[in-house]
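*Asks:* In the UniProt record's numbering, the protein residues as written are 1 to 166. All residues carry an ideal CB built from backbone N, CA and C; glycine is no exception.
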């Protein structure tokens, strides 16, 4: 990257970072906004002629809008394919009968054994998303795999847990 391109990109970043982050946070929430902000600037930098764009703020905002649309589509797809209804394991409540508590512990054991028997990468994705609560995107990044692959691993894990409980 030439020095002039770096300086103009730095200026572009500093001028637009706060406004774009606010815009993205309103659309997708704080955690995802940071990732999308970073991706916005990466895409702008990849654009061969970003220095020659007449309105750089509009250019960046359009990238951000497109990313939020992609994010919404992915989220909708995840919900459709990964939503299996109620969680497979119920936690025993204080008002649960002894039989219900025993059944809940049995289901928990089955799910844990099923997860333990998953292929290693599948198990890692499942634990990151379901136990640690990280997003699919973050799990994919941590494991060095694509988000699509992480989604497939999670889907397999959930399907196997469901099958084990049926």
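#1: Helix, strand or coil for residue 19? Go by DSSP, reduced to three states.
#2: Going along the chain, which residues of its own chain have a beta-carbon closer than 6 Å to the beta-carbon of residue 71, five neighbours each way excluded?
#3: In three-state DSSP terms, what is residue 97?
#4: Can you list, in chain order, the residues of its chain whose CB lies under 8 Å from that of residue 31, leaving out five sequence neighbours each side?
#5: Counting pairs of beta carbons, one from the region 112 to 124 and one from the region 36 to 50, are three or more of them closer than 8 Å?
#6: Do you know offhand how far residue 75's Cα is from residue 118's?
#7: Among residues of its own chain, excluding the 5 on either side of residue 25, which ones have a beta-carbon nearer than 8 Å to its beta-carbon?
#8: Who are the Cβ neighbours of residue 57 in its own chain at under 8 Å, not counting the five residues just before and after it?
#9: Could you name the residues of the same chain whose beta carbon sits closer than 7 Å to that of residue 53, not counting the 5 residues immediately before and after it, in chain order?
#10: Between residue 45 and residue 61, what straight-line distance do the alpha-carbon atoms span, to the nearest angstrom?
#11: The alpha helix (DSSP H) that contains residue 143, what's its start and end?
#12: Could you tell me the distance, in whole angstroms, from the CA atom of residue 98 to the CA atom of residue 107?
#13: Between which two residues does the alpha helix (DSSP H) containing residue 35 stretch?
*Replies:* In brief:
#1: helix
#2: 28
#3: coil
#4: 135
#5: no
#6: 25 Å
#7: 33
#8: 15, 16 and 19
#9: 59
#10: 14 Å
#11: 136 to 143
#12: 14 Å
#13: 30 to 46
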